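Written below as structure tokens is the structure these notes are about.
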Amino acid sequence: MQRDSITTQIYERIKEVGHDEIYIVGDFLDLGEYHAVRKALLRLDEAGKIQKIMRGVYYYPRYSELIDEYEAPSPGKVADTLARKFGWTIAPCADTALNQLGLSTQVTAKWSYISDGPYHEFQIGAFTIEFRHRNNREISGISRQTATVIQALKAIGKNNVTDAQMDIIRRRLSDEDKATMLKEAHQVTVWVYDLIKQICE
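Just so you know, we're using our numbering here: the sequence shown kicks off at 60 and counts up by one.
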């Protein structure tokens, strides 16, 4: 590996950023043209420096002494990177939204997201990432926080949301978050917006 090669430059940048990020070819196009970057990532994978998650998506694995093997990539990080790769806007839904808001501790093998892209499902090792297409008003032009709360309330159901659950959501939101949510969520289903108003009181 030449010291000034694209491969070396990419690896140095990955090491500097650290183990928590997921990478795609587009992250390194300032260092070279598409095919050169793609080949460099493949070389790093073949050399065991990084690992390929799926076509065009890579991570820099962290070795865990505790489990005596490399840690799996974060499903949430992979989902965000896939959205970046395909130009989708996404937000957690179903059990994934409940988990992220602290409304459920259930470990799930399927990570679900609403998306303004097409329906797609990816199998990544032991977990599945599912993107469910939704119309733009449910996701585009609103913050990730607002979209997550909306999807969590829908997952619980109209007549099933408890005061305790609303209090958990309320404690996770700053005053600024609440003000933003009230502005952004006014077009959602009436019962969802009514609950959001109660949460933001």
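By construction, the Cβ of each residue, glycine as well, lies at the ideal position given by its N, Cα and C atoms.
Nothing here was measured: the structure is a model prediction, and the numbers come from that model.
- A check of alpha carbon separations from Thr207 across Ala185, Val251 and Asp79 identifies Val251 as the nearest.
- Here Leu103 is buried. Its C-beta has 16 or more other C-beta atoms within 10 Å.
- With contacts defined by Cβ atoms closer than 8 Å, Ile65 and Leu101 do not form a contacting pair.
- A direct Cα-to-Cα measurement between Asp175 and Pro132 gives close to 24 Å.
- With respect to the C-alpha of Trp147, the residue from Asn195, Ser123 and Phe186 having the closest C-alpha is Asn195.
- Three or more beta-carbon pairs drawn from the stretch 169 to 185 and the stretch 139 to 157 are found closer than 8 Å, and the two stretches are therefore classed as touching.
- In this structure, Glu130 sits near Arg121, with a CB-CB distance shorter than 8 Å.
- Contact check for Tyr93 against Ile109 fails: the beta carbons are separated by 8 Å or more.
- Looking at the backbone, the Cα of Ala99 and that of Phe145 are separated by about 21 Å.
- The way I'd put it, the stretch 207 to 218 does touch the stretch 240 to 259; three or more beta-carbon pairs between them come closer than 8 Å.
- Within the stretch 124 to 200, the alpha helix (DSSP H) runs of at least 4 residues that lie entirely inside it are, in chain order, 134 to 145 and 153 to 159.
- Closest in alpha carbon position to Tyr117, among Ile69, Met225 and Glu197, is Ile69.
- For the pair Ala214 and Leu157, the Cα-to-Cα distance works out to about 8 Å.
- In chain order, Tyr119 and Arg121 place their CB closer than 6 Å to the CB of His78, counting only its own chain and leaving out the 5 sequence neighbours on each side.
- Beta bridge pairing from DSSP links Lys111 with Tyr117.
- From the listed residues Asn219, His192, Gly216 and Lys111, the smallest Cα separation to Pro177 is found for His192.
- Contact between Gln257 and Met225 holds: CB atoms are separated by about 6 Å, below the 8 Å threshold.
- By the neighbour-count definition (other C-beta atoms within 10 Å, threshold 16), Asp86 is a buried residue.
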